[in-house]
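Beneath this line is the structure, given in structure tokens, with notes to follow.
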Amino acid sequence: MKVVDIEVYIVGYRKTDNDEWETSGKSHGNLIDAQAVMNKLSKKTKQQLKLFKFGRAVPVE
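Residue numbering for the sequence shown follows the working numbering, starting at 28 and increasing by one per position.
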């Protein structure tokens with residue numbers, strides 16, 4: 028069995044430094060797509076935005 032490493036990117040947002048980070052629950056498999064979504068959101072909202080990166084190993088048969 029082979030194992031493939033997949034990186035998942037999630038855009039988080041919060042109103043102030045004291046708030047917890049929240050996400051829409053949508054994940055992006057490509058860094059460029061996640062950055063494009065974050066740039067689009069930054070033009071629409073005054074909230075703080077941050078890009079989170081998660082990694083996971085997925086078995087491939």
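The C-beta atom is built at its ideal place from N, Cα and C for all residues, glycine as well.
Asked	Found
Rounded C-alpha distance that separates residue 70 from residue 34	26 Å
Local Cβ density within 10 Å of residue 61, reported as buried at 16 or more and exposed below that	buried
Residue 51 to residue 44 span [Cα, whole Å]	19 Å
Cutoff 8 Å; reference residue 76; Cβ partners in own chain excluding five residues on either side	38, 39, 40, 65, 68, 69
Residues that residue 76 bridges to, as DSSP identifies them	40
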